[in-house]
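> A single structure is presented below for examination.
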Amino acid sequence: MKIAIVGTGYVGLVSGTCFAECGVDVTCIDINEEKINKLRQCIMPIYEPGLEEMVQRNINDGRLHFSTDLTEVLDDVEIVFTAVGTPSDEDGSADLSYVLEVARTIGKNMNNYVLVVTKSTVPVGTAQKVRETIESEQQKRGVNIEFDVASNPEFLKEGAALKDFMSPDRVVVGTDSTRARKLMERLYKPFMLNSFRVIFMDIPSAEMTKYAANAMLATRISFMNDIANLCEKVGADVRSVRAGITSDARIGSKFMYPGCGYGGSCFPKDVKALIHTGHENDCPMKVVEAVEAVNESQKHTLFNKLCEHFGSSEALAGKTIALWGLSFKPETDDMREAPALILINELLAAGAKIQTFDPIAMNEAKRRLGENPAITYGKDKYAVTEKADALVIATEWKTFRVPSWERVVENMKGNTVIDGRNIYDPAELNRYGLNYYCIGHRPYRV
């Protein structure tokens, strides 16, 4: 079976590599020539555990190819996946220009049947626009070549994407064609040998499923952050509250951790797009709007706790803040909408100096933030605590979970830790003479 995947971002590259791993002949396509040349040399544009090794293996075995031109392979493939970006416009809507450009290319150049599958996260109704675009291009050519469209949203977690793809809990496919359904069953069967579970539905429902899933997960995070903020006011401990409510099987524990806000490429963008779709259809998404508002506020909590400790934002001028973690979550270098970025910008505006370390994301941070004498990138987590007035944890990388507090205390000038992910034992830090601020409890001061 031969397929093409247009777009070599997170979704396209992971999907193409995993399909190749199961024996499919895959060509990944991107208009960025430099990116494609690097991929041919197995130089990764993203960090994902295990991805580089899998890409190299499938290049070597001749199943994974890279190209800048879809038309070169269009006559040879049965399925074309669209996995291009759909960034948010200023009004929160998803920009479909890249998706529709792929459709135009297919309509202009196709000579045989092809199934066009949208894997990008897109609003309801996009598949119909793809269909109309292809038909329009065929009409200009005076041809009528059969094709189908389908929706196949992805549900990958950054940092665990290979496992999620190779052993999915479900595969959602929206299609209105028997031929397309059989092709998708054939493509996905290797991933489902133990429990073959492809959920077929109509195309609009598949498109909505992706947004609904991410909105629900974002809702759970914002709900716990709302509860955590109230716990701080009334003297409750959100860790105890979380243990009490997540033991209820109807609620469960996943995505019920308070913190300094969600980020990444999916939740912020998809929540905004769902809100926009609601307004377009005169159906305001009141819960989802509140979810977004809570999250935007929560991203300021680390800075606010620093201001609380030092007395004001003005008091941060000249202070040195050690920052552990830059990526929006562990096991990725993705800093899109990362809470650490919000904190860094607020600290810079307040006149503070930042000493930061992240196991993977420091190059990405340098790319985003540029050269700034107020930001120092350390060689390890201890180096950045030298003469720091406070230590802030923004990302719960494993390397940060059990540090030597003796070394931290010895290095630091101050004695305050702001834990944005609630990963430490307050009593332990207090024993080392450290003030401890977390999410969902009043400060543990020495």
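At position 265 of the sequence shown the residue is numbered 265 (our numbering), and the sequence of numbers has no breaks. No residue lacks a Cβ here, since even glycine has one placed at the ideal position from N, Cα and C.
For D25, collect the residues of the same chain with a Cβ closer than 6 Å to its Cβ; drop the 5 residues on either side in sequence, then sort them by chain order.
Cβ within range, chain order: K2, R63.
> In the DSSP assignment, what are the bridge partners of C28?
DSSP, once it has assigned bridges, lists I5, F66 as partnering C28.
> With distances taken from CA atoms, which of I29, E428, V14 is nearest G531?
The first residue shown for the chain is 1 and the last is 446, placing residue 531 beyond what the model contains.
> Between K254, A394, A340, which has its C-alpha nearest L369's C-alpha?
Residue A340 is the option with its Cα nearest to L369.
> Helix or strand or just coil, what does DSSP make of Q128?
Q128: helix per DSSP, three-state reduction.
> So does the segment 82–101 actually touch the segment 118–133, counting three or more Cβ pairs closer than 8 Å?
Taking 8 Å as the limit for Cβ pairs, the verdict is that the segment 118–133 does touch the segment 82–101.
> The beta strand (DSSP E) with L391 in it runs from where to where?
Looking at the DSSP string, the run of the beta strand (DSSP E) that includes L391 is 390–393.
> Just the Cα atoms here: how many angstroms apart are K409 and K381?
Checking the sequence, you will find Val at residue 409 rather than Lys. Between V409 and K381, the C-alpha separation is close to 13 Å.
> Got a sec, what are the start and stop residues for the alpha helix (DSSP H) T301 sits in?
Taken as a continuous stretch (DSSP letters only), the alpha helix (DSSP H) holding T301 covers 301–310.
> Name the DSSP bridge partner or partners of M216?
Partner(s): none; M216 has no beta bridge.
> Among the residues of its own chain, which have a CB less than 8 Å from the CB of K387, if the five just before and after it don't count?
Answer for K387: T320, N411, M412, K413, listed in chain order.
> Name the one or two DSSP bridge partners that L323 has.
Beta-bridge pairing links L323 to T356, V392.
> Span of the alpha helix (DSSP H) holding L183?
That run of the alpha helix (DSSP H) goes 178–188.
> Identify, in the order they occur along the chain, each residue of the same chain with its Cβ nearer than 6 Å to the Cβ of P426, setting aside the five sequence neighbours on each side.
Within the same chain, P426 has close Cβ partners Y436, Y444.
> Hey, out of D61, F310, I360, whose CA is closest to L391's CA?
Nearest option by C-alpha distance: F310.
> Cα separation between N58 and P359?
Spanning the two alpha carbons is a distance of roughly 27 Å.
> Along the beta strand (DSSP E) that carries V171, what are the first and last residues, could you check?
That run of the beta strand (DSSP E) goes 171–175.
> Determine the extent of the alpha helix (DSSP H) in which Y113 is found, giving its start and end residues.
Note, Y113: premise wrong, no alpha helix (DSSP H); not H, not E.
> How long is the line joining the alpha carbons of S265 and T209, rounded to whole angstroms?
Near 17 Å, if we compare the C-alpha coordinates of T209 and S265.
> Mind checking which residues open and close the beta strand (DSSP E) that includes N435?
Note, N435: beta strand (DSSP E), 435–437.
> What residue does the beta strand (DSSP E) around F200 start on, and which one ends it?
198–201 is the span of the beta strand (DSSP E), which, as asked, contains F200.
> Using a threshold of 7 Å, state whether the C-beta atoms of K299 and G261 are closer than that.
Yes.
> Are three or more beta carbon pairs between the segment 276–293 and the segment 317–333 nearer than 8 Å?
At 8 Å Cβ cutoff, the stretches do not touch.
> Determine the direct distance from the alpha carbon of Y47 to that of N60, and round the result to whole angstroms.
Whole-angstrom Cα-Cα distance: 20 Å.
> For I43 and E52, I'd like the C-alpha separation in whole angstroms.
Approximately 8 Å, taken between the alpha carbons.
> Just verifying my parser: in three-state terms, what is the DSSP assignment at V84?
Coil, per DSSP.
> Have a look at S97 and V238 and give me their C-alpha separation to the nearest angstrom.
Going from the Cα of S97 to the Cα of V238 covers about 44 Å.
> Whose CA, out of Q41, M54, E72, lies closest to the CA of I29?
With distances taken between Cα atoms, I29 lies closest to E72.
> Going straight from the alpha carbon of I221 to that of Y257, what length do you get?
Taking the straight line from one Cα to the other gives about 6 Å.
> Report yes if the C-beta distance between P123 and T277 is below 7 Å; otherwise report no.
Yes, they are a contact pair.
> Which residue marks the beginning of the alpha helix (DSSP H) containing A150, and which one marks its end?
Segment 147–151 is the beta strand (DSSP E) holding A150; no alpha helix (DSSP H) there.
> Can you tell me whether G433 is buried or exposed? The criterion is at least 16 other CB atoms within 10 Å of its CB, across all chains shown.
Label assigned to G433: exposed.
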